[in-house]
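Structure record follows, encoded as structure tokens.
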Amino acid sequence: MIETPETSASADGFSHAAALDILARSRPEAIKAFAETHIDELGPIEVAVSRTGLAMLPYVDTVQNTAFHLGEVLMSEAHIRLPERGVEGYGAVIGRDLEQSMAMAVIDACMAAGIGLAEIRTFLADEQRLQAQADETRLRKVESTRVRMETF
Amino acid sequence: MAYVATRGGERAIEQSERLYREDLGRIDKARVDAIAESLPYLLDRVMGEASLYAPELAALALAQSGGDLYEAVLLLRAYRTTQPRITIAEPVRQDELFTVRRISAAFKDIPGGQILGPTLDYSHRLLNVGVLSGEDFVPEAVELANTPAPATQPSLADWQKAQGLIADPPAEHVLLDEIPDVTREPLLFPASRAHKLQSLARADTGGTLALGYATMRGYGNTHPTVNELRLGEAEVRIRHPRGTLFSTGRVRVSQAEIISKAKNLQLGFSATFGWNEVKVIAAASLDLASSQEKPHPASNEEFVLYHTEPVESSGFCIHFKLPHYVTFQSSLDALRKVKADQAANKAGAPAAGAAKPAELEKAIS
Numbered sequence: 001m002i003e004t005p006e007t008s009a010s011a012d013g014f015s016h017a018a019a020l021d022i023l024a025r026s027r028p029e030a031i032k033a034f035a036e037t038h039i040d041e042l043g044p045i046e047v048a049v050s051r052t053g054l055a056m057l058p059y060v061d062t063v064q065n066t067a068f069h070l071g072e073v074l075m076s077e078a079h080i081r082l083p084e085r086g087v088e089g090y091g092a093v094i095g096r097d098l099e100q101s102m103a104m105a106v107i108d109a110c111m112a113a114g115i116g117l118a119e120i121r122t123f124l125a126d127e128q129r130l131q132a133q134a135d136e137t138r139l140r141k142v143e144s145t146r147v148r149m150e151t152f
Numbered sequence: 001m002a003y004v005a006t007r008g009g010e011r012a013i014e015q016s017e018r019l020y021r022e023d024l025g026r027i028d029k030a031r032v033d034a035i036a037e038s039l040p041y042l043l044d045r046v047m048g049e050a051s052l053y054a055p056e057l058a059a060l061a062l063a064q065s066g067g068d069l070y071e072a073v074l075l076l077r078a079y080r081t082t083q084p085r086i087t088i089a090e091p092v093r094q095d096e097l098f099t100v101r102r103i104s105a106a107f108k109d110i111p112g113g114q115i116l117g118p119t120l121d122y123s124h125r126l127l128n129v130g131v132l133s134g135e136d137f138v139p140e141a142v143e144l145a146n147t148p149a150p151a152t153q154p155s156l157a158d159w160q161k162a163q164g165l166i167a168d169p170p171a172e173h174v175l176l177d178e179i180p181d182v183t184r185e186p187l188l189f190p191a192s193r194a195h196k197l198q199s200l201a202r203a204d205t206g207g208t209l210a211l212g213y214a215t216m217r218g219y220g221n222t223h224p225t226v227n228e229l230r231l232g233e234a235e236v237r238i239r240h241p242r243g244t245l246f247s248t249g250r251v252r253v254s255q256a257e258i259i260s261k262a263k264n265l266q267l268g269f270s271a272t273f274g275w276n277e278v279k280v281i282a283a284a285s286l287d288l289a290s291s292q293e294k295p296h297p298a299s300n301e302e303f304v305l306y307h308t309e310p311v312e313s314s315g316f317c318i319h320f321k322l323p324h325y326v327t328f329q330s331s332l333d334a335l336r337k338v339k340a341d342q343a344a345n346k347a348g349a350p351a352a353g354a355a356k357p358a359e360l361e362k363a364i365s
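So the sequences go chain by chain: U and B. In terms of the working numbering, the first sequence opens at residue 1 and continues consecutively. In terms of the working numbering, the second sequence opens at residue 1 and continues consecutively.
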């Protein structure tokens with residue numbers, strides 16, 4: 001597996017990878033509303049890509065260590081450019097919500113252009129907390145099903 | 001086999017489709033949402049067989065097909081062909097899954113422990129008929145543990161390999177775009193392991209179960225037990241244009257390892273989209289059985305993979321409903337001729353141009 005470049009820090013405290021992880025999993029309506037608040041600050045936007053498509057998902061067989069294709073995942077993707085600032089923004093989320101992927105691309109472009117970093121940091125922290133809470137609640141339920149068997 | 005173009009019946013065809021759709025009634029977003037919310041395991045099954053992870057579209061396909069699974073799978077497979085492939089994601093590894101269920105039937109004390117997760121394995125299967133008379137079924141809330149389970153669980157197979165209990169073949173490094181893909185290359189035999197596991201991942205659940213069950217019952221020389229069964233969510237990790245690897249979200253997956261102690265400890269494997277335990281257990285059994293030196297015909301690799309492909313098998317089956325008039329008409333002509341000749345033979349000498357014995361056999365074969 002190739003290591004994730006961590007050099008392109010986005011918002012203070014969040015690596016680019018961590019920020020993208022959180023954005024892709026953010027609540028759709030929340031990220032759309034948040035992106036809307038910054039879109040006017042970006043200036044002219046060129047939309048290079050806004051589409052749905054497929055990501056083939058490989059899986060590694062645990063028996064013979066063979067990588068094989070499990071199937072394809074439908075996702076929406078957006079790639080924008082800010083010609084006046086010389087930066088790009090990218091978003092990709094599972095599903096077919098083009099507005100969601102575009103909102104992610106707008107925020108990614110904001111991070112690259114240094115726009116609204118404080119608000120982005122707050123947004124990321126809020127979404128990260130919600131995502132962590134959801135995972136923890138789920139995993140506490142899962143832990144309740146742990147079984148300690150005795151055979152006799 | 002011969003095919004013929006037929007003409008006529010356009011109105012009947014149009015009205016028959018109308019009748020089918022009229023019977024199903026109006027399809028709106030609310031119906032699709034209700035299907036997605038209430039039938040997640042059915043969505044999983046359809047997505048696994050379609051080899052396309054798209055819950056919203058799977059629900060729509062089920063709404064449009066009225067729950068006919070083969071039609072739903074066909075709709076999704078057809079939709080898939082309209083979409084470009086954006087990328088190939090990073091390979092999913094078992095020990096990176098967000099795990100909600102993980103059990104072993106063969107080994108009691110496994111690293112990470114046994115976690116039942118969401119299951120009806122130990123429950124009575126009773127209909128709540130009260131629901132039909134207005135008594136809503138409200139599930140009891142799960143009592144939260146004080147601490148969360150680890151999000152990921154170690155691989156049992158890795159532990160077994162480290163213990164020297166099972167073979168540990170070296171991992172072959174394959175570039176992502178060089179992983180064999182049955183959607184772009186023909187399935188040839190003997191199949192590569194990548195083709196075999198991909199085919200099983202998108203195989204028909206019922207067909208896989210039928211052949212897997214035959215193997216389990218003894219039509220083969222393996223004696224399967226579940227080494228590990230796991231349900232979880234896999235991150236779909238792709239690259240940002242600047243090179244950053246990130247997760248676009250999670251998809252539900254299931255995987256099973258089957259262990260046999262016939263000669264030495266051997267494992268079979270299967271994984272699929274969605275949570276579908278029957279399919280991965282049956283498919284892993286078939287992986288193991290078909291890997292034997294002289295597999296039983298019912299678990300022969302070619303037999304299994306060809307006959308569990310849902311769209312091809314269901315399509316071939318239902319194509320017999322379509323006009324075969326030329327083929328059948330020629331057979332009928334021959335049969336009538338034979339019958340006429342037989343009647344003539346009983347009455348006396350064969351008539352001129354009477355069918356010969358070879359023609360008789362051909363006509364009725």
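Note that CB positions come from ideal geometry on N, CA and C, so glycine has one too. In this text, all values refer to a predicted model and were calculated from it rather than measured experimentally.
Nearest residue (CA-CA) to residue i, options the options
i                 : options                                   : result
VAL228 of chain B : B:ALA157, B:VAL131 and B:ILE166           : At residue 228 of chain B the sequence reads Glu, which differs from the Val that was named. Considering only alpha carbons, the answer is B:ALA157.
TYR219 of chain B : B:ALA298, B:LYS339 and B:GLY117           : B:ALA298
VAL63 of chain U  : B:ALA334, B:SER260, B:ARG239 and B:LEU267 : B:LEU267
ALA55 of chain U  : U:LEU74, U:GLY91 and U:GLY86              : U:LEU74
VAL182 of chain B : B:ALA171, B:ARG7, B:LEU200 and B:ASP28    : B:LEU200
GLN163 of chain B : B:THR205, B:LEU231, B:SER133 and B:LEU265 : B:LEU265
HIS296 of chain B : B:THR215, B:GLU14 and B:LEU43             : B:THR215
GLU17 of chain B  : B:ALA30, B:LEU57 and B:GLY66              : B:GLY66
ALA167 of chain B : U:ASN65, U:LYS32 and U:ALA17              : U:ASN65
THR152 of chain B : B:VAL174, B:ARG125 and B:ARG93            : B:ARG93
ILE35 of chain B  : B:ALA12, B:TYR20 and B:LEU60              : B:LEU60
GLY71 of chain U  : B:LEU197, B:GLN342 and B:ALA282           : B:LEU197
ASP204 of chain B : B:GLU309, B:ARG11 and B:LEU132            : B:GLU309
SER172 of chain B : B:ARG26, B:LEU332 and B:ALA194            : What sits at residue 172 of chain B in the sequence shown is Glu, not Ser. Among B:ARG26, B:LEU332 and B:ALA194, the Cα nearest to that of GLU172 of chain B is on B:ALA194.
ASP370 of chain B : B:ALA256, B:CYS317 and B:LEU335           : This structure leaves residue 370 of chain B out entirely; chain B is present only between 1 and 365.
GLN83 of chain B  : U:ALA112, U:ILE22 and U:GLY53             : U:GLY53
PHE98 of chain B  : B:PRO323, B:VAL253 and B:ARG125           : B:VAL253
GLY274 of chain B : B:GLY232, B:PRO180, B:ALA210 and B:LYS294 : B:GLY232
VAL87 of chain U  : U:ALA125, U:ASP61, U:VAL47 and U:GLN100   : U:VAL47
ARG138 of chain U : B:THR147, B:ARG230, B:VAL131 and B:SER133 : B:THR147
VAL174 of chain B : U:LEU130, U:CYS110, U:ALA78 and U:PHE68   : U:PHE68
LYS141 of chain U : B:LYS346, B:SER192, B:VAL100 and B:ALA210 : B:VAL100
TYR59 of chain U  : B:PHE269, B:TYR325 and B:VAL338           : B:PHE269
PRO40 of chain B  : B:GLY8, B:ASN276 and B:CYS317             : B:ASN276
Distance cut-off 8 Å: residue i Cβ against heavy atoms of the ligand GTP
i                : result
PRO55 of chain B : For the ligand GTP, the structure offers nothing, since it holds no ligand at all.
Residues that DSSP places opposite residue i in a beta bridge
i                 : result
MET56 of chain U  : U:GLU72 and B:ILE88
ILE103 of chain B : B:LEU229
HIS79 of chain U  : U:VAL49 and U:TYR90
VAL147 of chain U : B:GLN114
PHE98 of chain B  : B:GLU233
ALA67 of chain U  : U:VAL60
GLN266 of chain B : B:SER260
Amino acids of chain A, ordered along the chain, whose beta-carbon sits closer than 8 Å to that of residue i
i               : result
ARG7 of chain B : The displayed structure is made up of protein chains U and B, and chain A is not among them.
Every unbroken alpha helix (DSSP H) inside the region 271 to 358 of chain B [4 residues or more]: 277 to 290, 301 to 307, 310 to 319 and 325 to 347
Going along the chain, which unbroken runs of the beta strand (DSSP E) with 3 or more residues stay wholly within the region 187 to 260 of chain B? 224 to 239 and 245 to 260
Touch check for the region 97 to 114 of chain U and the region 106 to 122 of chain B: three-plus C-beta pairs under 8 Å? Result no; under three Cβ-Cβ pairs closer than 8 Å.
Are the region 48 to 60 of chain B and the region 70 to 90 of chain B in contact at 8 Å, needing three or more beta carbon pairs? yes
Got a sec: which bits of the region 80 to 92 of chain B sit with their beta carbon under 9 Å from any beta carbon on chain U, in order along the chain? ARG80, GLN83, PRO84, ARG85, ILE86, THR87, ILE88, ALA89, GLU90, PRO91 and VAL92
Interface positions of the region 11 to 41 of chain B facing chain U (Cβ-Cβ less than 9 Å), listed along the chain: none
Along the region 14 to 44 of chain U, where does the CB come closer than 7 Å to a CB of chain B? Name the residues. The region 14 to 44 of chain U vs chain B, Cβ under 7 Å: HIS16, ALA17, LEU20, ASP21, ALA24 and ARG25.
Are at least three pairs of beta-carbons, each pair with one atom in the region 76 to 95 of chain U and one in the region 19 to 31 of chain U, less than 8 Å apart? yes
Does the region 127 to 143 of chain B come close enough to the region 155 to 170 of chain B that 3 or more CB-CB pairs lie under 8 Å? no
Please give me, in chain order, every unbroken run of the alpha helix (DSSP H) with length at least 4 that falls completely inside the region 24 to 73 of chain B. 29 to 38, 40 to 50 and 55 to 65
Looking at chain U, which residues of the region 190 to 202 of chain B have a Cβ within less than 7 Å of any of its Cβ atoms? ARG193, ALA194, LEU197, GLN198, ALA201 and ARG202
Of the residues that make up the region 129 to 140 of chain B, which ones have a beta carbon closer than 8 Å to any beta carbon in chain U? Per Cβ criterion, the list is empty.
Tell me, please, whether the region 302 to 314 of chain B touches the region 234 to 247 of chain B by the rule of three or more beta-carbon pairs shorter than 8 Å. no
Between the region 80 to 89 of chain U and the region 41 to 48 of chain U, are three or more C-beta pairs nearer than 8 Å? yes
If you measure beta-carbon to beta-carbon, which residues of the region 133 to 147 of chain U are closer than 8 Å to chain B? Result list: ASP135, GLU136, THR137, ARG138, LEU139, ARG140, LYS141, VAL142, GLU143, SER144, THR145, ARG146 and VAL147.
Taking Cβ-Cβ distances below 8 Å as the criterion, which residues of the region 47 to 64 of chain U are in contact with chain B? ARG51, THR52, GLY53, LEU54, ALA55, MET56, LEU57, PRO58, TYR59, VAL60, ASP61, THR62, VAL63 and GLN64
Near-chain B residues of the region 88 to 106 of chain U - C-beta to any C-beta below 8 Å: When CB distances to chain B are screened at a threshold of 8 Å, the residues of the region 88 to 106 of chain U falling below it are GLU88, TYR90, ALA92, VAL93, ILE94, GLY95 and ARG96, in chain order.
Residues within the region 149 to 168 of chain B neighbouring chain U, beta-carbon criterion of under 7 Å: ALA149, ALA151, SER155 and ALA157
Taking Cβ-Cβ distances below 7 Å as the criterion, which residues of the region 70 to 85 of chain U are in contact with chain B? LEU70, GLY71, GLU72, VAL73, LEU74, MET75, GLU77 and HIS79
Counting only Cβ-Cβ distances shorter than 9 Å, please list the residues of the region 50 to 69 of chain B near chain U, keeping chain order. ALA50, SER51, LEU52, TYR53, ALA54, PRO55, GLU56 and LEU57
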